[in-house]
Structures are given as structure tokens and as C-alpha cells.
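As C-alpha cells, the structure follows; a few thoughts come after it.
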């Protein structure tokens, strides 16, 4: 990162939780216990608001967030690349039956 002020910011090492080392015997990686899960549930959902308003889809296990992308056309560039517009929809926790409702999040991203 470059600063346009009186000087550059000092270099900082990113801080993140270390990944546990894999077990050389092939056993599971240690970590917090997880609750047993039943079979995956496939349900109907509808997107409310935003550019994908009214779109119906099927979701598995009621994800909290659904991301919708729309391809953008590159006009010019030094190398081929792909650019997508990203839209975020969040599950409405008040809806407990099908179709589930995902509302457009104006603040993301």
C-alpha cells in the first residue's frame, strides 16, 4: 500500500490464526467439535429487491447469504480477465416456510 501523505506507512505483517498442522498419520486435523448434521435440506427461495428481484432458486441448508453475480463486459485491457458485478442477498430470519425470502443488502459490498 502506498501513502500519498508525508511518508509511507510502516510494513505490517498480516495477523491471522495459524492453520493447524495436518496429522502425519492421516488422522483428522484437531479443532473444535462439530454438531452432527442430518441430511441436507433443499428448499425453494425467492430474491426480494435489487437487480435480481423475483428470481426463484433452490438453496440447500438455508444459507445466511446468497451472492448473485452479473458479468460485466471488458472494453479494453492488457490481458483477458473477467469482471462481475456482485450483489448480496441475506436470508430473512422471520420466514420459516417455503419459499424462503432473501432480501437485497444495499450496503454490501
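Residue numbers (the numbering used here): 327 to 435. From the three backbone atoms N, C-alpha and C, an ideal C-beta is built for every residue, glycine too.
Under the 10 Å beta carbon count, residue 412 is surrounded by fewer than 16 other beta carbons and is classified as exposed.
Residue 407 holds the alpha-carbon nearest to the alpha-carbon of residue 397 among 370, 364 and 407.
Only buried fits residue 371, as 16 or more other CB atoms lie within 10 angstroms of its CB. A check of alpha carbon separations from residue 425 across 388, 434 and 405 identifies 388 as the nearest.
For residue 419, DSSP assigns no beta-bridge partner whatsoever. Excluding the 5 residues flanking it on each side, residue 382 has same chain C-beta neighbours closer than 6 angstroms at 372, in chain order. Counting along the chain, the unbroken beta strand (DSSP E) around residue 427 starts and ends at 426-430. Residue 427 and residue 366 have their C-alpha atoms spaced approximately 19 angstroms apart.
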